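S.K.:
Numbering (the UniProt record's numbering), first residue to last: 1 to 378.
Set out below in structure tokens:
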């Protein structure tokens, strides 16, 4: 195996690792509210979400095309740049998972790729207009739209069912949540799995094994779908807890309205090829569901901290991507990539060990929110 082929293999492995973290980081988007209301048991929820994420990955390739050719000039990209961009996105995913922050895997990936590209090839290699139109504007509009739609939907479901006995209403919306949560999982697969497909395609173009107009190979589609599905099955319980229990106290009508709103916004964005953050959309929907029920309490302090994390995602991941490229370039060749890859593995191991000190899992993810991520010790 020559050096270029080995480097491409490392890039593909890193991309699929990112896809796996995308899965367990974003499981909360689809299933946090259903788990919080008891509509689905935690293990059943992540299993259902994994299956539908896998299926959704085959429904559309518009987002993959945007990532592969829409944010940077492919002629200026090398395998080292793609690798460094993935490291930036992967590092941000792991850090925010540890703190239970439902941040954007999409923006982390885009930020990492743009940061590595800037330091490697300069501003001319970045399609600034496309990033503004296809990334930044949807980043602002999508959560605001989700808040509005979910708030209206929540108000309507309570209004329409006001004469229905509460027990009957709760039971009916629990069944409804199974369908709406399934739609979010399917929609998540149509959007988030595509990003890894796009990056692997970009790497193959950079390596010269694929032409720019060749499209996404089938093996890339299948492997990306499997990676995100496996990550979803593992379950990102830390983020699920924050989104399901931290932002507001969710009842089943709210959960149904939030999930339906999220699915609608994500499907529309996937159709038009916008690589938006499903996290932003689903978090916005949960906030909207809290706003739409008059007696609900939204924890705005926590929402503000999430918004701050969203603001710094692109530059933070970009900085890590740039640093990873500089380190790999300084050492040079496959050795440089290997050293950065080893550093990434070390960071991952340390974060997983730290998380085990106060673990969040299927058994305690629904414990009462006490102001912090980890449930109180017995």
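Virtual Cβ for every residue (Gly too), placed ideally from N, Cα, C.
Given the structure is predicted, the values throughout are model-derived calculations rather than measurements.
What beta strand (DSSP E) runs, 3 residues minimum, are completely inside the segment 277-362?
M.R.: As summarised for the segment 277-362, there are no continuous beta strand (DSSP E) elements at least 3 residues long confined to that stretch.
S.K.: Output needed for residue 40: all residues of its chain with C-beta closer than 8 Å, excluding positions within five of it in sequence on either side, in chain order.
M.R.: 31, 34, 48, 177, 178 and 181
S.K.: How far does the alpha helix (DSSP H) with residue 240 in it reach, from first residue to last?
M.R.: 237-241
S.K.: Per DSSP, residue 72 is paired with what?
M.R.: 126
S.K.: Using beta carbons (cut-off 7 Å, strictly below), is residue 171 in contact with chain C?
M.R.: In the structure shown, chain C cannot be found, because there is only a single protein chain.
S.K.: Take the Cβ of residue 251 as the centre, count every other Cβ of all protein chains shown within 10 Å, and call the residue buried at 16 or more, exposed below.
M.R.: buried
S.K.: Can you tell me where the alpha helix (DSSP H) with residue 93 in it begins and where it stops?
M.R.: It spans 79-98 - the alpha helix (DSSP H) in which residue 93 sits, taken as one unbroken run.
S.K.: Would you call the segment 78-94 and the segment 252-272 touching, i.e. three or more CB-CB distances under 8 Å?
M.R.: no
S.K.: Which residues in the same chain as residue 111 place their Cβ atom closer than 8 Å to its Cβ, once the five residues preceding and following it in sequence are excluded?
M.R.: 88, 89, 92, 313, 314, 315, 316, 317, 318 and 321
S.K.: Under a three-way DSSP split, which group does residue 154 fall into?
M.R.: For residue 154, the secondary structure class from DSSP, reduced to helix, strand or coil, is helix.
S.K.: Taking the alpha carbon of residue 117 as the point to measure from, which residue in 129, 283, 168 and 76 has its own alpha carbon closest?
M.R.: 76
S.K.: At the level of alpha carbons, what is the spacing between residue 212 and residue 74?
M.R.: 8 Å
S.K.: How about residue 351 and residue 98: are their beta carbons less than 7 Å apart?
M.R.: yes
S.K.: Can residue 366 and residue 375 be called in contact, C-beta distance under 7 Å?
M.R.: no
S.K.: Short of 6 Å in beta carbon distance, which residues of its chain neighbour residue 183, apart from the five on each side in sequence? Order them along the chain.
M.R.: Excluding sequence neighbours, residue 183 sits near 263.
S.K.: Alpha carbon to alpha carbon, what distance is there between residue 291 and residue 282?
M.R.: 14 Å
S.K.: Decide yes or no for the touch test of the segment 149-157 against the segment 120-139: beta carbon pairs closer than 8 Å, at least 3 of them.
M.R.: no
S.K.: Check for me: the alpha helix (DSSP H) holding residue 136 runs from which residue to which?
M.R.: Per DSSP, residue 136 belongs to no alpha helix (DSSP H) and is neither H nor E.
S.K.: Grouping DSSP H, G and I as helix and E and B as strand, with all else coil, what is residue 102?
M.R.: coil
S.K.: Kindly indicate which three-state DSSP category residue 247 falls into: helix, strand or coil?
M.R.: coil
S.K.: Count the C-beta pairs between the segment 7-14 and the segment 198-207 that are closer than 8 Å, then say yes if the count reaches three, no if not.
M.R.: yes
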